[in-house]
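Contents: one structure, followed by commentary.
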Amino acid sequence: MKRYLLLFVLFVSGIAQAQLTIQISRGADNPTRIAVVPMATQGLALSEDISQIISNDLEFTGQFAAIPRSDMLSFPRNEAEVHYRDWNVLKAEYLLIGSVEQRAGRYYASYQLFDVLGQRKVLPKLSVDGTEAQLRDLAHHISDKVYETITGIRGIFSTKLIYVEAFQQKGTKDKYRLMLSDVDGARSRLLLESAEPIMSPMWSPDGRRVAYVSFESNRPAVYVQEIATGKREQLTNFRGLNGAPAWSPDGQRLALVLSKDGNPEIYVLNIITRQLTRMTNHFGIDTEPSWTTDGAGIIFTSNRGGRPQIYQVNVATLQVERVTFDGEQNTRGRVSPDGKSLVMVHQRGGTYHLAAQDLKTGNLRILTETDLDESPTIAPNGAMLMYATRFGGKGILAAVSLDARTRVRLPSKQGDVREPAWSPFFN
Amino acid sequence: MITKSLKQGLTLAVIMSFLVGCSSSSTQDDETTTTAPVVSEETYNEVEEQAPLETIVYFDFDQATLKPETRALLLAHADRLKSSNASARLEGHADERGSREYNIALGERRANAVRDFLVLQGVSASSLEVISYGEERPLATGSDESAYAQNRRVELKY
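Sequence order for the protein chains is B and V.
With numbering that gives the first Met the number 0, letter number 179 in the first sequence gets 178, and the count goes up by one each step, no holes.
With numbering that gives the first Met the number 0, letter number 25 in the second sequence gets 24, and the count goes up by one each step, no holes.
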């Protein structure tokens, strides 16, 4: 007899209030100073402060410092009103101006970016449109453009985040939620709620689906859910562990962990043919698979050498080689989008750090200093990673740049937040 | 107390074996002799079940080997399982250190260690279900050794 649990799927947006807020805990040594002038709105009352969202986005990377509005000497609405000396005085390196208009129910945000030191326009007047519900999307779009223009790296402000929220309090029933939000934590909405644990969410490479582990049937099983429709399918129901799903780069296969044959082993499930191929064969624990960028290898954690370390199996030959050697243990490896670094949870001296290993030289770089950091997920532009940590006795999300220079926290108002999964680019 | 309930149990056993004897005798005689002791044994165990047993065994960090001090408790559980027709769910758990999926695997190892011990003592493997929650369901909150020690466990649930 199956015990049925409180479990429902919501796929209407705007259900939950924003629950994560950003706190910059450490910025870059020399952040780029940018003035984001409040957008001219021609008397329109907007539900979102677009300029503020852009400032917050840019500061989130730690690479930028936004000049406070209260310091600004003028609020230019167009190019003719820009006086470089006003911005030189404030030591602004870049200046973003813009305006929002409403036509036939749609909002049009136009913007221009100036290089203050060079006294020249670096982005010609551009415009982006959307509905009122998309005002935040317009802001994130502009942030992406500005970031890419200045740094040469694609911006991640229009990407999304999936994470798990857990409510575990004495006297109340446990509650687990799978949440979707903007990458800054805003516009969070519920994807799944259950009284049993939800774990290991991971985006499909096309950004349309999420794979995760749910214990809703009183046993772990791997599910795939369409984000837009909420439609979901249970993919596995084997005896023992059914865990750690990881999409292949082509989106057609899932690497996962099954212990149906007695030990936790890495398998690959072809989603279309449902063919299951065993990748590892060892009496130790093999878990946490993650594909290499070319799809030819699977990185995984194994304690076959004693303590857990990271290994790689060749998908075609099934040959296994060890990848990490530094520290007491290394777990949950993820390869960066450029294929050059391996990000992992690194333990030395009883403390858990996030670290990045150069896959060519083998050099290891410690990225975070706090204790108990886990579940790193890399931004699709490879410049930042999000992870779970503990702060003030609660599980929260935090982000760090891959050069370890900047760090931000996204504290939650309620519950323990964990297991972030950074989406791919959507277009 | 114990002798009193034991007496009641034995009385019950006698009545039960008598009843079983009666019902079985109408079919086959040799069955009567084999069935009767089983019934009395079951009744005897009803008495013993009243003695509460601890249902949690603890483990060392990143270890799935049973500690010597848990042996007596697990032997008692083996007896209970063998003498009743009960089945048990063995729920493996880990402390919050280490990654979540690794801890799920570790929790399963711990629960398997308990299962293997019980099976070695003669408990039927089919009466035992293993599940791991890893670090997802801590008994104690907090990030210190005392909380960790309480969370590295297998719970036997009947």
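Backbone N, C-alpha and C define an ideal beta-carbon position, used for all residues, glycine too.
CB-CB under 8 Å to residue i, same chain, minus the five flanking residues each way: which ones, in chain order?
i, result
"SER22(V)", "The pLDDT assigned to SER22(V) is 39, lower than 50, so where the model puts this residue is not dependable; a value taken from the coordinates is nonetheless given after this. Excluding residues within five positions, none has a Cβ falling inside 8 Å."
"ASP337(B)", "THR292, GLY381"
"ILE297(B)", "ALA245, ALA254, ILE265, VAL267, MET278, PRO288, SER289, TRP290, THR291, GLN311, VAL312, VAL314"
"GLY332(B)", "GLU287, SER289, ILE298, PHE299, THR300, ILE309, VAL322, THR323, LEU341, VAL342, MET343"
"LEU89(B)", "ARG32, ALA34, ILE66, ASP70, MET71, LEU72"
Name, in chain order, the residues that DSSP records as bridge partners for residue i.
i, result
"THR235(B)", "According to DSSP, THR235(B) bridges with nothing at all."
"ASN313(B)", "GLY296(B)"
"GLY91(V)", "SER131(V), VAL153(V)"
"GLY117(B)", "DSSP output for GLY117(B) lists no bridge partner at all."
"LYS428(B)", "This structure gives no information on residue 428(B), because the portion of chain B shown stretches from 0 to 426."
"ALA420(B)", "ILE161(B)"
"LYS393(B)", "PHE390(B)"
"ALA220(B)", "SER213(B)"
"GLN101(B)", "TYR106(B)"
"ALA64(B)", "ARG32(B)"
"HIS345(B)", "ASN329(B), HIS352(B)"
"PHE282(B)", "None, per the DSSP bridge assignment."
"THR376(B)", "MET385(B)"
In chain order, what residues of the same chain have a beta carbon less than 6 Å from the beta carbon of residue i, not counting five sequence neighbours either side?
i, result
"ARG198(B)", "The sequence given here places Met at residue 198(B); Arg does not occur at that position. Around MET198(B): VAL212."
"HIS345(B)", "GLY326, ASN329, HIS352, ALA354"
"ALA146(V)", "ALA139"
"VAL319(B)", "TYR310, VAL312"
"ARG108(V)", "ALA63"
"GLN167(B)", "ASP173"
"ARG105(B)", "ASP128"
"ILE141(B)", "ILE53, TYR110"
"PHE424(B)", "PRO379"
Would a check of beta-carbon distances place residue i closer than 7 Å to chain V?
i, result
"VAL344(B)", "yes"
"GLU287(B)", "yes"
"THR323(B)", "no"
"ASN330(B)", "The residue asked about is misnamed: residue 330(B) is Thr in this sequence, not Asn. Closer than 7 Å: yes."
"ILE284(B)", "yes"
"PRO196(B)", "yes"
"PRO200(B)", "no"
"PRO30(B)", "no"
"PRO75(B)", "no"
"ARG218(B)", "yes"
"PRO428(B)", "Given a span of 0 to 426 for chain B in the structure shown, any question on residue 428(B) remains unanswerable."
"VAL8(B)", "Caution applies to VAL8(B), whose pLDDT of 36 falls short of 50 and renders its modelled position unreliable; the value that the coordinates give is listed next. No - not a single Cβ of chain V is within 7 Å of the one on VAL8(B)."
Can you confirm whether residue i, when its beta carbon is compared against all beta carbons of chain B, has any partner nearer than 7 Å?
i, result
"GLU107(V)", "yes"
"TYR101(V)", "yes"
"ALA85(V)", "no"
"GLU90(V)", "no"
"ILE55(V)", "no"
"ALA71(V)", "no"
"SER145(V)", "no"
"SER98(V)", "yes"
"GLU134(V)", "no"
"ALA112(V)", "no"
"ALA104(V)", "yes"
Please work out which residues of its chain come closer than 7 Å, Cβ to Cβ, to residue i, disregarding the five sequence neighbours upstream and downstream, and give them in chain order.
i, result
"PHE214(B)", "GLU195, PRO196"
"PRO263(B)", "LEU240, VAL256, ILE284, ASP285, THR286"
"LEU45(B)", "VAL99, LEU134"
Taking 7 Å as the CB-CB limit, is residue i close to chain C?
i, result
"LYS339(B)", "Checking the listed chains, one finds no chain C in this structure; the protein chains it contains are B and V."
Given 8 Å, three or more beta-carbon pairs between the segment 116 to 130 of chain V and the segment 92 to 100 of chain V: no
query: If you pair each beta-carbon of the segment 301 to 314 of chain B with each one of the segment 323 to 340 of chain B, do three or more pairs fall below 8 Å?
result: Contact between the segment 301 to 314 of chain B and the segment 323 to 340 of chain B is present, because at least three Cβ pairs lie under 8 Å.
query: Using a Cβ cut-off of 8 Å, which residues of the segment 238 to 254 of chain B contact any Cβ in chain V, in chain order?
result: GLY239, LEU240, GLY242, ALA243
- request: Give, in chain order, every residue of the segment 298 to 309 of chain B whose Cβ lies closer than 7 Å to some Cβ of chain V.
  value: THR300, PRO307
- prompt: If you pair each beta-carbon of the segment 84 to 93 of chain V with each one of the segment 140 to 157 of chain V, do three or more pairs fall below 8 Å?
  reply: With contact defined as three or more Cβ pairs closer than 8 Å, the segment 84 to 93 of chain V and the segment 140 to 157 of chain V are in contact.
message: Output needed in chain order: residues of the segment 170 to 182 of chain B with a Cβ under 7 Å from some Cβ in chain V.
response: none
query: Got a sec: which bits of the segment 357 to 373 of chain B sit with their beta carbon under 7 Å from any beta carbon on chain V, in order along the chain?
result: LEU371, GLU373
query: On the three-pair Cβ rule with 8 Å, is the segment 374 to 388 of chain B touching the segment 124 to 133 of chain B?
result: no
message: Taking 8 Å as the cut-off, does the segment 79 to 87 of chain V touch the segment 353 to 370 of chain B (at least 3 CB pairs, one atom from each stretch)?
response: no
- request: Could you please tell me which residues of the segment 257 to 271 of chain B, in chain order, have their CB closer than 8 Å to any CB of chain V?
  value: SER258, PRO263
task: Check each residue of the segment 412 to 426 of chain B: if its Cβ is closer than 9 Å to any Cβ of chain V, include it; give the result in chain order.
output: ARG417, GLU418
query: Are three or more beta carbon pairs between the segment 73 to 82 of chain V and the segment 117 to 127 of chain V nearer than 8 Å?
result: yes
query: Taking any Cβ of chain V, which residues in the segment 381 to 400 of chain B have a Cβ under 7 Å from it, in chain order?
result: ARG389
field: Near-chain B residues of the segment 116 to 127 of chain V (beta-carbon distance less than 8 Å), N- to C-terminal order
entry: Cβ contacts with chain B come from no residue of the segment 116 to 127 of chain V.
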